[in-house]
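Taking it in order: structure first as structure tokens, then the write-up.
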Amino acid sequence: MKRFLTILVVAVFAAVAMVGYRYVSWVKNWTGADTPFDEVGIDLHKYMPGFVQDWGCARLFDEFGDKTLPPHGCRGKGGWPS
Numbered sequence: 093m094k095r096f097l098t099i100l101v102v103a104v105f106a107a108v109a110m111v112g113y114r115y116v117s118w119v120k121n122w123t124g125a126d127t128p129f130d131e132v133g134i135d136l137h138k139y140m141p142g143f144v145q146d147w148g149c150a151r152l153f154d155e156f157g158d159k160t161l162p163p164h165g166c167r168g169k170g171g172w173p174s
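According to the working numbering, the sequence shown is numbered sequentially starting from 93.
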């Protein structure tokens, strides 16, 4: 039972780390994208809690600013107009 719990904890931690890394890489634009319209990033964004969404929208606005429309869920947040 102890071994199963250890494996379960490691698997959950790995999944959370992968999702978190993917979300932060989208928000901080580590890939050097021209626009914030990445399907995976937007899907992860809508599942994040409100304070994380606000932080993500603010970072995306810092990166892309007025160059493009806000991605889904960021209109009126983080500097983008409503």
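Quick reminder that beta carbons are idealized off the backbone N, C-alpha and C, glycines included. Small disclaimer: the values here were computed from a predicted structure and weren't measured.
{"Asked": "Selection from Arg95, Val132 and Leu100 that minimises the alpha carbon distance to tyrosine 113", "Found": "Val132"}
{"Asked": "Assigned exposure category for valine 102 - 16 Cβ within 10 Å defines buried", "Found": "exposed"}
{"Asked": "Straight-line Cα distance separating methionine 93 from alanine 125", "Found": "45 Å"}
{"Asked": "Whole alpha helix (DSSP H) elements within the stretch 113-164, 4-residue minimum", "Found": "131-139 and 142-156"}
{"Asked": "Classification of tyrosine 139 by the beta-carbon crowding that lies within 10 angstroms, buried from 16 upward", "Found": "exposed"}
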